[in-house]
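K.L.:
The structure follows.
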Amino acid sequence: LDVPDWLLSQVFVVSKISAVKIKLLAKLVLQQARGDTVDDQKLNKLLGDGKLDAHEAKGVIAALHFILTSSARYDVQEDMLTQELQQLGLPNEHTEALVLALREGRAPLRAHLAEMSLA
27 LDVPDWLLSQ
37 VFVVSKISAV
47 KIKLLAKLVL
57 QQARGDTVDD
67 QKLNKLLGDG
77 KLDAHEAKGV
87 IAALHFILTS
97 SARYDVQEDM
107 LTQELQQLGL
117 PNEHTEALVL
127 ALREGRAPLR
137 AHLAEMSLA
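Numbered according to my numbering, the sequence shown spans residues 27 to 145.
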(Lines of atoms letter the chains of each structure in order from A and count residues from 1; the text may use other names and numbers.)
(Lines give C-alpha, C1' and ligand atoms only; values in the text may rest on other atoms or scores of the structure.)
Protein backbone atom coordinates (compact mmCIF):
# COMPACT_ATOMS: atom_id res chain seq x y z
CA LEU A 1 0.00 0.00 0.00
CA ASP A 2 1.05 3.56 -0.62
CA VAL A 3 1.81 5.92 2.20
CA PRO A 4 -0.93 8.53 2.76
CA ASP A 5 -0.01 11.89 1.21
CA TRP A 6 -0.63 13.75 4.46
CA LEU A 7 1.90 11.52 6.23
CA LEU A 8 4.54 12.19 3.58
CA SER A 9 4.09 15.93 4.06
CA GLN A 10 4.36 15.56 7.84
CA VAL A 11 7.66 13.67 7.66
CA PHE A 12 9.35 16.93 6.67
CA VAL A 13 7.75 18.74 9.62
CA VAL A 14 8.72 15.95 12.04
CA SER A 15 12.29 16.23 10.76
CA LYS A 16 12.44 19.86 11.95
CA ILE A 17 12.00 18.75 15.57
CA SER A 18 14.96 17.43 17.56
CA ALA A 19 15.25 13.66 17.96
CA VAL A 20 15.16 14.06 21.76
CA LYS A 21 11.81 15.84 21.54
CA ILE A 22 10.52 13.20 19.12
CA LYS A 23 11.39 10.50 21.65
CA LEU A 24 9.50 12.35 24.39
CA LEU A 25 6.57 13.08 22.08
CA ALA A 26 6.42 9.44 21.00
CA LYS A 27 6.12 8.34 24.62
CA LEU A 28 3.27 10.79 25.19
CA VAL A 29 1.53 9.72 21.98
CA LEU A 30 1.80 6.06 23.00
CA GLN A 31 0.38 6.94 26.40
CA GLN A 32 -2.51 8.75 24.73
CA ALA A 33 -3.08 5.87 22.29
CA ARG A 34 -3.44 3.50 25.25
CA GLY A 35 -6.29 5.65 26.49
CA ASP A 36 -4.32 7.29 29.29
CA THR A 37 -4.64 10.98 30.00
CA VAL A 38 -1.87 13.14 28.59
CA ASP A 39 -1.17 16.61 29.89
CA ASP A 40 -1.68 19.02 27.00
CA GLN A 41 0.83 21.38 28.58
CA LYS A 42 3.56 18.77 28.14
CA LEU A 43 2.69 18.41 24.46
CA ASN A 44 2.54 22.17 23.99
CA LYS A 45 5.87 22.63 25.77
CA LEU A 46 7.57 20.09 23.51
CA LEU A 47 6.03 21.55 20.35
CA GLY A 48 5.79 25.21 21.32
CA ASP A 49 9.34 26.36 20.66
CA GLY A 50 8.26 28.67 17.87
CA LYS A 51 9.33 26.45 14.98
CA LEU A 52 5.83 25.06 14.39
CA ASP A 53 2.45 26.69 14.07
CA ALA A 54 -0.62 25.08 15.68
CA HIS A 55 -1.57 23.27 12.45
CA GLU A 56 1.90 21.74 12.09
CA ALA A 57 1.97 20.70 15.76
CA LYS A 58 -1.32 18.83 15.37
CA GLY A 59 0.03 17.23 12.21
CA VAL A 60 3.12 15.99 14.04
CA ILE A 61 0.99 14.40 16.76
CA ALA A 62 -1.25 12.79 14.13
CA ALA A 63 1.75 11.47 12.18
CA LEU A 64 3.39 9.97 15.27
CA HIS A 65 0.07 8.45 16.34
CA PHE A 66 -0.46 6.91 12.90
CA ILE A 67 3.08 5.51 12.69
CA LEU A 68 3.15 4.09 16.21
CA THR A 69 -0.38 2.66 16.36
CA SER A 70 -0.20 1.16 12.87
CA SER A 71 3.17 -0.40 13.63
CA ALA A 72 1.87 -1.91 16.86
CA ARG A 73 -1.46 -3.00 15.37
CA TYR A 74 0.17 -4.85 12.48
CA ASP A 75 3.15 -6.00 14.58
CA VAL A 76 5.72 -4.46 12.24
CA GLN A 77 9.23 -5.66 13.01
CA GLU A 78 11.70 -3.02 14.18
CA ASP A 79 14.11 -3.45 11.28
CA MET A 80 11.28 -3.13 8.77
CA LEU A 81 9.91 -0.03 10.50
CA THR A 82 13.39 1.51 10.49
CA GLN A 83 13.78 0.83 6.79
CA GLU A 84 10.33 2.17 5.90
CA LEU A 85 10.72 5.38 7.93
CA GLN A 86 14.11 6.09 6.42
CA GLN A 87 12.72 5.51 2.92
CA LEU A 88 10.13 8.18 3.71
CA GLY A 89 12.99 10.57 4.48
CA LEU A 90 12.91 10.58 8.27
CA PRO A 91 16.41 11.16 9.68
CA ASN A 92 18.14 8.21 11.32
CA GLU A 93 18.08 9.75 14.82
CA HIS A 94 14.33 10.37 14.58
CA THR A 95 13.75 6.85 13.30
CA GLU A 96 15.74 5.38 16.19
CA ALA A 97 13.75 7.46 18.68
CA LEU A 98 10.43 6.18 17.30
CA VAL A 99 11.60 2.57 17.16
CA LEU A 100 12.87 2.76 20.75
CA ALA A 101 9.59 4.26 21.97
CA LEU A 102 7.64 1.57 20.16
CA ARG A 103 9.88 -1.16 21.58
CA GLU A 104 9.09 0.05 25.09
CA GLY A 105 5.38 0.65 24.49
CA ARG A 106 4.41 -2.04 21.99
CA ALA A 107 3.03 -4.69 24.39
CA PRO A 108 0.73 -2.38 26.39
CA LEU A 109 -0.47 -0.67 23.22
CA ARG A 110 -1.22 -3.98 21.48
CA ALA A 111 -3.13 -5.13 24.56
CA HIS A 112 -5.16 -1.91 24.55
CA LEU A 113 -5.86 -2.14 20.81
CA ALA A 114 -6.98 -5.77 21.17
CA GLU A 115 -9.24 -4.80 24.05
CA MET A 116 -10.79 -2.01 21.98
CA SER A 117 -11.36 -4.12 18.86
CA LEU A 118 -14.58 -5.98 18.14
CA ALA A 119 -12.81 -9.21 17.25
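Beta carbons: idealized from backbone N, C-alpha and C, even for Gly.
Quick caveat, the model's predicted, so the values are computed rather than measured.
In three-state DSSP terms, what is L51?
P.N.:
When secondary structure is reduced to three states using DSSP, L51 falls in the helix class.
K.L.:
Decide yes or no for the touch test of the stretch 83-103 against the stretch 31-48: beta carbon pairs closer than 8 Å, at least 3 of them.
P.N.:
yes
K.L.:
Measuring only the C-alpha atoms, how far is D65 from L54?
P.N.:
9 Å
K.L.:
Identify whether Q103 lies in helix, strand or coil by the three-state DSSP scheme.
P.N.:
coil
K.L.:
Counting C-beta neighbours from all protein chains within 10 Å, is the total for A98 16 or more, i.e. buried, or is it exposed?
P.N.:
buried
K.L.:
Compare the Cα-Cα distances from I93 to each of L78, Q112, D75 and report the closest residue.
P.N.:
Q112
K.L.:
Roughly how far, in whole angstroms, is the beta-carbon of V125 from the beta-carbon of L107, given that I think they are within contact range, below 8 Å?
P.N.:
6 Å
K.L.:
What are the start and end residues of the alpha helix (DSSP H) that includes T146?
P.N.:
An answer regarding residue 146 cannot be provided, because it is not within the stretch 27 to 145 covered by the chain.
K.L.:
Less than 7 Å between the beta carbons of R60 and P117, yes or no?
P.N.:
no
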